[in-house]
DNA sequence: GTACATTAAATGTATGTACATATATTTGCA
DNA sequence: TGCAAATATATGTACATACATTTAATGTAC
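Chains as they are written, first to last, in the numbering used here: chain F, 11 to 163; chain V, 11 to 163.
Written as structure tokens, this is what we have:
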């Protein structure tokens, strides 16, 4: 990606109705751009981004189990289908799923040793990825976080 | 959405490894948040976001036709499948598709009168949506655009 | 204690994304 | 001319998203 590629050039649409319209497009585009880079890096570990995020939540709970509800609460995308993401992780033996003894409607989900080991293996790559934002100074990153939080108010 | 909902609270994850890590999460989360709001507003018009974006590009070309390649060039997500989005629009008779006479590999795609009329109908809603970013001042929106462009350099 | 609502998760369906592959057409060049 | 490479699009597959519906377990009112 070349230097100073403005959003106007990226999507070859030179005029926006407003700076607000442009910011919306810019946000969606940039998030997609980031996710694409992440997904590519994750591919060699045979994990998708949502699968990785669920694993991370489970590690945060470990050794306590998580329910599907807890996963949904903590996932970035609240409406995604946690059940089916857990399906894939279970098939890869990265998590276990068991009916919760105290509430048989719920399911206790735990990360396995293999799951923990995989996260460990991925750590250097994840840190590498974080450097992708180093185009921004510390102060600029803080400013970005401030603006995004304010935008959603 | 309540006032001053920081990303830490939104996803109930109080500590990030770095401000950079937080910015990444914040970006992806905020983009999803915006898209969810847009998608909800579009639903009553029976259009998805990508379908709407393709229609907009076609209106920009009207009355000249667009090819699938041109759509891909201008779409936010370059790897999405323009062919199949056009399929859906064609099924709703919002666009026409015809083999290009001068290059029979290519396909000429045009927005129909019904398509133009639909975009017209949606205009007030779209303007309404743009107000979603009015939490930010003009200066802040410019700053946001600057930071996002720089981030992708 | 049965009836009804609520809750937790799973399932179904339509759509979109990411990527590989296939098909048809055109171009370039030996 | 003839044939390989490039081009334009379509198709196939795995996964995820968005949302409605279903199934099972639990809670609650009467």
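The C-beta atom is built at its ideal place from N, Cα and C for all residues, glycine as well.
Of F:114, F:45, F:162, F:40, the smallest CA-CA separation from residue 141 (chain V) is found for F:162.
When only Cα atoms are considered, residue 30 (chain V) and residue 160 (chain F) end up about 17 Å apart. Contact annotation: residue 68 (chain V) and residue 121 (chain V) have beta-carbon atoms nearer than 8 Å.
At a cut-off of 8 Å between beta carbons, residue 92 (chain F) makes no contact with chain V.
Around the beta carbon of residue 89 (chain F), fewer than 16 other beta carbons lie within 10 angstroms, which makes this residue exposed. Here DSSP, grouped into helix, strand and coil, assigns residue 106 (chain F) to strand. Taking 7 Å as the Cβ-Cβ cut-off, the segment 55-89 of chain V approaches chain F at 83, 84, 86, 87, given in chain order. Taking the C-beta atoms as reference points, residue 48 (chain V) is found nearer than 8 Å to residue 59 (chain V).
In this structure the segment 96-105 of chain F touches the segment 116-133 of chain F; the number of beta carbon pairs closer than 8 Å is three or more. Judged by DSSP in its simplified three-state form, residue 76 (chain F) adopts strand. At a cut-off of 8 Å, the C-beta of residue 131 (chain F) has no neighbouring C-beta in chain V. Per the coordinates, the alpha-carbon of residue 147 (chain V) lies some 10 Å from the alpha-carbon of residue 154 (chain V). Closest option to residue 133 (chain F), judged by alpha-carbon separation, among F:55, F:83, F:44, F:35: F:55. Counting C-beta atoms within 10 angstroms of its own C-beta, residue 130 (chain F) has fewer than 16 neighbours from the protein chains shown and is therefore classed as exposed.
In this structure, the straight-line span from the alpha carbon of residue 144 (chain V) to that of residue 158 (chain F) is close to 12 Å.
Within chain F, no C-beta atom comes nearer than 8 Å to that of residue 119 (chain V); the closest sits roughly 17 Å away.
Neighbourhood of residue 35 (chain F) in chain V, by CB distance below 8 Å: 86, in chain order. Put simply, the CB of residue 103 (chain F) is far from chain V, with every gap to its CB atoms at 8 Å or more. Per the Cβ contact rule, the segment 32-39 of chain V is in contact with the segment 34-46 of chain F (3 or more Cβ pairs under 8 Å). Taking 8 Å as the cut-off, the beta carbon of residue 135 (chain V) is found no closer than this to the beta carbon of residue 50 (chain V). By the Cβ neighbour-count rule, residue 137 (chain V) is exposed, with fewer than 16 other Cβ atoms within 10 Å of its own. Put simply, the CB of residue 145 (chain V) is near chain F, with a gap under 8 Å to one of its CB atoms.
Within the model, the alpha-carbon separation for residue 53 (chain V) versus residue 77 (chain V) is close to 26 Å. Within the model, the alpha-carbon separation for residue 110 (chain F) versus residue 25 (chain V) is close to 28 Å.
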